[in-house]
Structure formats: structure tokens, C-alpha cells
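Protein chains: 4
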Amino acid sequence: MSIVEKKEQHRRSILKAALFVFARHGFENTKLHQIAVKSKVGKGTIYNYFRDKVALYQAVVSETMEQLFHVIVARSDIVDNPLQSLTAAIIATFEFFEESPDRYVIYLRYFSDTATSSKKSKVPIVFLNLSIFEPKIRECKAKGFLKPPEAEAEDFVLSFLGIINSFLFRWFSSRKTYDFRAKIPIIAKIFSHGTYKHD
Amino acid sequence: MSIVEKKEQHRRSILKAALFVFARHGFENTKLHQIAVKSKVGKGTIYNYFRDKVALYQAVVSETMEQLFHVIVARSDIVDNPLQSLTAAIIATFEFFEESPDRYVIYLRYFSDTATSSKKSKVPIVFLNLSIFEPKIRECKAKGFLKPPEAEAEDFVLSFLGIINSFLFRWFSSRKTYDFRAKIPIIAKIFSHGTYKHD
Amino acid sequence: MSIVEKKEQHRRSILKAALFVFARHGFENTKLHQIAVKSKVGKGTIYNYFRDKVALYQAVVSETMEQLFHVIVARSDIVDNPLQSLTAAIIATFEFFEESPDRYVIYLRYFSDTATSSKKSKVPIVFLNLSIFEPKIRECKAKGFLKPPEAEAEDFVLSFLGIINSFLFRWFSSRKTYDFRAKIPIIAKIFSHGTYKHD
Amino acid sequence: MSIVEKKEQHRRSILKAALFVFARHGFENTKLHQIAVKSKVGKGTIYNYFRDKVALYQAVVSETMEQLFHVIVARSDIVDNPLQSLTAAIIATFEFFEESPDRYVIYLRYFSDTATSSKKSKVPIVFLNLSIFEPKIRECKAKGFLKPPEAEAEDFVLSFLGIINSFLFRWFSSRKTYDFRAKIPIIAKIFSHGTYKHD
DNA sequence: TATGAATGAGCCTTCATTCAT
DNA sequence: AATGAATGAAGGCTCATTCAT
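Chains as they are written, first to last, in numbering that gives the first Met the number 0: chain P, 0 to 198; chain C, 0 to 198; chain D, 0 to 198; chain E, 0 to 198.
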């Protein structure tokens, strides 16, 4: 294995370990020592790849968010119908978190972190998902598919994102037991047709 | 002023300062020293009222959540119509946070904290709002007001809560500028009638 | 003992220990732990009195230099004859270092530190002794006591200081054995009458 | 270029870089990394030429002092008159430092280093200049050129060295501006004829 | 021989908590 | 009850040194 490959492998190993530990203990309660042990490198080695603990955290967050971004785009783009593509986006998002629930914790913290502006939250990407869904929803709205008319595109995005986040939180809070997939049609129905029955 | 009143006043003062500082810096980055200064008591005095830093944080969180609970219940109970009472709940929630945005940070962190099991998040209350809205929504569902039929009461709660949280986050992220109140009718419409227009 | 007195005692104790350890090991090789042990206080206590290691070092240096300043002024001022007052200054300086040779090391390092401008050497006082001797020597020169005429007052100061430093260094390098006092008349003679014999 | 020459070139390059960096930052604050960069060799390569950081520092110091030694001897030996040869020694010393002021810092630190007994100061040479000037001065004294009679040869050496060091320090402290050369005759006069005028 | 990535001992500093006053 | 000085455990980070390539 070349030295460049080995370095890349180290970097991956550290990031993976960092995701694991940060997700379990949060930024402040994570000790660099834990990450070193988990990734089986010396403590000092981490500093060859990341300037400091904050930089490592930022790398974990931004990598996770970027991966989510790519997954969503890749999955929802293949669908032509914009309404279906939103469903595809939900599935993609869920499977991304299902594959590694640690990612969800990072995702969740990302929101609270951006709300309070401390040093470590200087993650450049802001409100990523919103910007992902926005074009699609704006397209739907432009085509006149969406109501009420006084609602702006952003309102639909917020509603859609809020519902998903809520169900994701529900899923995460009860590991395994909650069947998120079964809820997808319901989520779609509620978002599209509302909840009030007028006979 | 009696001794008891004076003590209670100290306690209030500490809690108020703690809310302020915890909201701005988070649990780990808050120094007890800051709270002592802000509340104008000695550092040691805090320990006469709270066992340790975690207990103080828990007190701040549970008090905030309980206040929110009471505000919602008080406001939504006076309305007879269950649908209207949900709107009342939204307004009550927003005004509660508007009065002191620090509360919103505590509320937001509360969610991420419960996701990761560290010591400080041993806040006994779990998913408070959910349990607030649940009875009302269950009542609506029982009365056959809600669709789709395959959705459980919890699904409505999750959807409703998610949308609100999303707009609250939007409001908080852009202090002042965002007009949350103007969005309440839209939130209600989206939740009740959905977003898809079928002419 | 009042609390203020106790604090002052702590401060003194820390400074004394710091002088001891800094003199023996130099700034970089001194561990705060050593000072804590030597002064019998907890490591953290030091930080109640000095912002950091650099501030402590600066305090040691400036205190030592100021004490030296005062000792020299006090001793040489009582003598009316400016020539005799220089001898008095030598004696005062020597006895100051003799009382605690650690001071000499601080004094010595002070010179090399000021030569190279690093962070820790940001001691405000510059070339202290020089400024002490200068007025006296300037006075002598003004009165026409000194030669050669083309020499400036500063030149005499430099020469005088240089000779003293040289003998002090000699004394310090061979603890105990070197009899500095016996050399004072010789120093005075060399400085005043020179070294070349012209029969 | 032969292998041996190439190795010697590496050694020279490292020593030169080390002089540069050690002079600017002192022993403790110098990072081997800096020297490696400055000398354009790998960090590991340094260890092929010097056992460790201390050995490298010692090599820099002893080389500098030896060069100074040789320069002084070479310059002062060509003069027959012992008094003139002292002046020649001053000039040689000054030009040596003027050529590379970094050397002066090493020279200066050498004195404070020998005062405190740490590991790095285990430089074998002790009080180098002294031993340079001593034979000449001893010769002068033996010939009856020097006074006062109760002064030993060492006293003259110390005085002479002290004055020079003082003026060198003055020169170094104000790079460029101070005209050391102009002071040489004054230094010589003060040393030889003293400072007190007796009409 | 040259390299620089890996290593971990070591240290400064912070801060929750204690306790004498 | 209130205070804040004292404490020391704990952790992020540095950097001399090693060693596989």
C-alpha cells in the first residue's frame, strides 16, 4: 500500500472513530484519547490530520452533512415527478441514518449548534436540507400544485422538513422498535392532503 | 421579608441567571462562576440551593418545560373547539419563547440532549409537548375529525409538533426579522388541509 | 490572621518559591508543579495570584529588579561624595545577590532575555542598573571629575557596569570560594586609575 | 562531489540553520522542525548528524566559541605589542559578531546557561574568552606593565572582558545605530588610564 | 542515507467542588 | 446562610524521537 493510501486510510479511520464517539458523548464530553483508542492510532497522530478537536468535529459534521446531501440528491433526482421525488428524499434520508444512527445524532446536534453560535459550530453549511428540498418544492409551487396560495415555497419546505424530523426523532428515540418505513405513506398523505376530514 | 422569602428569592435569582448563561453557552461551556456573577451571589451559595451543576441544569430545564406545559394547557383549555385549541397552543408556545428566547434554546437543547445519553440529560420529563398535545388530538381522532384513518393519534402529534418546531427554529434563527405570528394561519391550513391542490 | 494577610502571605510564598525554582531551572524547564510543591500550595492556587506562568515569571523578575533598584538607591544616596557612592552601590549590589544568589541568576537571565525579544521577556523595565548609575556618573562628569573628555557619560556607565558584572559572574561561578568583597578596592582602582603603569 | 563532502555539506547546512533558529528563539523554544525546514533537510536527517537536540545545540555553541577563539588568536597574534594586541582582540571579537549577530546571542546565552546547571549547558568549554586573554595579560603583568600591583592577572582579564561585553551588549541592543568601532579607542583609554582626572 | 508519519510522555491550564471563616 | 480562596483531577495539545520505507 502506498504511503498516500495509508494516510487516507488513517484519515478515514479517525473520522469514523470520531463520528462514533462524538455521537455518543457530544463534543465537550468526547476525549481525544477515546477517538485515538477507537481508531487505533496514537493521540498525536490525530493532530497530523486535523488542526485540533474543533476541526475534527467540523470535519465529521460537514462530511456527514455532505454525504446526506449527495444521497438525497442522487436518490430524488432519478424520479421525474417532483412529488414522488420528495418521497424518495425521505427514504434516502432515513436509510442514510438507518445505516449509521450516529449520523442522526450529528445531524440533530447540528441544528442546536447552529442556533447557538459558539466557536465549534462554525460549520459553513447552513440549513442544508432546506436548500436541498427548496428547488423541488419551488418547482411544485410554480406549477400550481401546492396550496394554500398565500404560503410561500419556504413554508412548504419548513413544514415538510419539520414532519420528517419529527418522525426521525421518534424513530431514533426508540431504537429498532419504531417502523419508520411504514410511516412514509402516512407522512406523505398528511403533508399532501392534510389531517382534517370534511365529509 | 421573611427568611423563607429571601431564600426563595435567591433561588429564583440563580435560576434566572442560569437560564441566561446556559442558553448562551450550553451546559459544558457554562462556568458556575458566570452564573454566580450574573445572579450576584457567591459561587458557594449556589451549592446551598442545588446539589451540583447538573442539578441546576436539570432545574432550569424542567422548570422551563413545566412553565411551557402550564402555559399551553392554560391557553388551550379555555377554548372549547379542539381544533381551535391547537391554534391557541401554537400561539401560547410562541409567546412563551418570544418573551424569553433563552427558553427556546433550552427547549431545543433538550431534544438533542435526550438523544444522547449523558449524565446531564437525566432530565426526568420525556417528550413533554407530545404528551401535552396528545390528549387533545386523541380526542379529535376519536371524534372522527382526523384523516387519514390509518394514521394513529401519535402520527398527528408528531406531524403537528414537527411543523411547529420547524417554524420556531426558523423564527429563532433570524431573530426579530421573521414574523412567526403571520405564519400561524398558514401552519394551521397546511396541517389541516394539506398542501396538494386537486382542482 | 486576616484573610487579606493570608492572601499576601500566599503571594509572597509563591513568589519566593518561584524565584527559587526559576533560578535553578530557567523559565522553560520550570514546572508549575515544582513551584506549587515548593510553596506548599495547590497548583491551581498559583493561578489565583498570577494569570499564567509568564506573568509569574515577570513578577519574579520585576520584583527582583525593583528590589535591587531600591537597595542601590538607598545605600548610595546616603553618601555625599559621588565617587564613594559608586563604591556603596557595588557593595549594595553584591550584598543583595549574596543574600540570595538566586537573584543573581534572574538578573543575569534578564539581560539575555532582553537581548532576544520573546514573549516572556516583556518585562517593562529596561537596563535598570544603567539608569540607576547614570545620574551619579553624569554628575561626576559634569563636575569635570572624569576622563577621557571624548567619552560620554554612558560610556562610563557601561564600563563601570561591565566590570561589576564581570566580577559578579566570577563570584557566582565559584560559589563561596571567591571573595568578592576583597576585590572591591581593586575594581574601584582599576575603574578610576586604569591599568597601565607609566613610570 | 564525494559522499564525504556531501555529508559534510549537510552537517554545515544544519549547523547554520541551527545557529539561526537557536539565536532567535533560544534552546527550549526552538523546534527541530524549524531547523529542518531552514536547512532544507528532513527532520530525521538531523539525527544522522547529531545524537539529539542537546548535542546539536552544543555543537552550535562550541563551534561558535571556537571560531571566536580562532579569530581572536589569529588577529591578536600578529601584533607584537601586547597592549596593541588587546585592541586587535576587541576588533576581532566585534567583527566576528558583526558578521553574524546570531553568534552574539549564542555567546550571551552561553554565559547565562553556564550559570544554571541544566542538561543542555553541559558545554565542555568554560569561560572561553577568559582563557584567551589570560596569557597575554599575564605576560603584560609579568613585564610590570600593569597596575595596581595588588591586582592579579585574572582581575585585569575580568575587567577587560567586562567592559567589552558591556559595550557589545549596548551595540547589540540597538542594532545598526550604535557605532561600536568609534568606541574602541575610548574603551582602550578607560581600561588603560582609568576615568578619574587628577589635575 | 534521507525522510516524515507515528507516537505518547508530559505540561499548562481550567473549573467544579469543598470548606474555613 | 453566604462567601470565595484553595484544590487537584483531567484533558487538549506539543514536540523530541523513532523507525518503516
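Where is the CB? At the ideal position from N, CA and C, for every residue including glycine. Computed from a predicted model, the values in this text were never measured in an experiment.
Below 8 Å between beta carbons: does that hold for residue 193 of chain C and residue 190 of chain P? yes
Along the segment 100 to 117 of chain D, what residues have a CB closer than 8 Å to any CB found in chain E? 103, 104, 107, 108, 110, 111, 113, 114, 115 and 117
Can you tell me which of the three DSSP states residue 56 of chain D falls into? In the three-state reduction of the DSSP assignment, residue 56 of chain D falls in the helix class.
Would you identify the three-state DSSP class for residue 48 of chain P, choosing helix, strand or coil? helix
Helix, strand or coil: which one does DSSP assign to residue 201 of chain C? Past the boundaries of the shown model lies residue 201 of chain C; chain C is included only from 0 to 198, so the question cannot be answered.
Among all the DSSP beta bridges, which residues are the ones paired with residue 14 of chain D? Note: residue 14 of chain D sits in no beta bridge, so no partner.
Extent of the continuous alpha helix (DSSP H) to which residue 34 of chain P belongs: 31 to 38
Express the C-alpha separation of residue 19 of chain C and residue 56 of chain C in angstroms, rounding to a whole number. Rounded to the nearest whole angstrom, the C-alpha separation of residue 56 of chain C and residue 19 of chain C is 11 Å.
Does any residue of chain E bring its CB to less than 8 Å from the CB of residue 95 of chain D? no
Looking at the secondary structure, which residues open and close the alpha helix (DSSP H) in which residue 99 of chain P lies? Counting along the chain, residue 99 of chain P falls outside any alpha helix (DSSP H), and DSSP gives it neither H nor E.
Let me see if you follow: with CB-CB separation under 8 Å, is residue 145 of chain C close to chain P or not? yes
How close, in whole Å, do the beta carbons of residue 74 of chain C and residue 91 of chain C come, if the pair is a contact with beta carbons under 8 Å? 4 Å
Please confirm whether residue 150 of chain D has its beta-carbon closer than 8 Å to some beta-carbon of chain E. yes
Less than 8 Å separating the beta-carbons of residue 58 of chain C and residue 34 of chain C? no
Report the neighbours of residue 192 of chain P on chain C: residues whose CB is nearer than 9 Å to its CB, in chain order. Going along chain C in sequence order, the residues near residue 192 of chain P (Cβ under 9 Å) are 146, 147, 192, 193, 194, 195 and 197.
Chain-ordered neighbours of residue 7 of chain D on chain E, where CB pairs are closer than 8 Å: Correct list: empty, because the minimum Cβ distance to chain E is about 29 Å.
Contacts of residue 160 of chain D in chain E (Cβ-Cβ under 7 Å): 165
Restricting to Cα atoms, I'd like to know which of C:12, C:26 and C:183 is closest to residue 41 of chain C. C:12
Check whether the segment 181 to 190 of chain D and the segment 78 to 94 of chain D touch, using three or more Cβ-Cβ pairs below 8 Å as the test. yes
Can you find a heavy atom of the ligand SAH that lies under 7 Å from the Cβ of residue 152 of chain C? This structure lacks the ligand SAH; in fact it carries no ligand of any kind.
Length of the line joining the Cα atoms of residue 133 of chain E and residue 39 of chain D: Going from the Cα of residue 133 of chain E to the Cα of residue 39 of chain D covers about 47 Å.
Does any CB atom of chain P fall closer than 8 Å to the CB of residue 18 of chain C? no
What number of angstroms, rounded off, separates the C-alpha of residue 155 of chain E from the C-alpha of residue 145 of chain D? 21 Å
Quick check: what's the CA-CA separation for residue 54 of chain C versus residue 149 of chain C? 42 Å
If you compare alpha carbons, which of P:96, P:47 and P:49 is closest to residue 67 of chain P? Put simply, of P:96, P:47 and P:49 the residue whose alpha carbon is nearest the alpha carbon of residue 67 of chain P is P:96.
Taking the continuous alpha helix (DSSP H) assigned at residue 169 of chain D, which residues delimit it? 152 to 172
By Cβ distance below 8 Å, which residues in the same chain neighbour residue 159 of chain E in space, the five residues on each side in sequence not counted? 85, 132, 136 and 190
Under the three-state DSSP convention, the category residue 4 of chain D falls into: It is helical.
Which residues in chain D sit within 8 Å of residue 182 of chain E, going by Cβ to Cβ distance? 154
List the residues of chain P that residue 185 of chain C touches, going by C-beta distances under 7 Å, in chain order. 147, 149, 150 and 154
In its own chain, which residues sit with a C-beta less than 7 Å from the C-beta of residue 31 of chain P, not counting the 5 before and 5 after it? Cβ-Cβ distances below 7 Å link residue 31 of chain P to 42, 45 and 52 in the same chain, with the five nearest sequence neighbours on each side left out; the list follows chain order.
Assuming the contact rule is C-beta atoms closer than 8 Å, residue 108 of chain D and residue 111 of chain E should be a hit. Round their C-beta distance to whole Å, please. 5 Å
Closer than 9 Å between beta carbons: that is the criterion. Which residues of the segment 25 to 36 of chain P meet it against chain C? 25, 26, 27 and 28
Under 7 Å between beta-carbons, which chain P residues line up against residue 188 of chain C? List them in chain order, please. For residue 188 of chain C, the neighbours in chain P by C-beta distance under 7 Å run, in chain order, 147.
Tell me, to the nearest whole angstrom, how far the beta carbon of residue 172 of chain E is from that of residue 114 of chain D; I am working on the premise that it is less than 8 Å. At roughly 7 Å, the Cβ-Cβ gap stays under 8 Å, so residue 172 of chain E and residue 114 of chain D are in contact.
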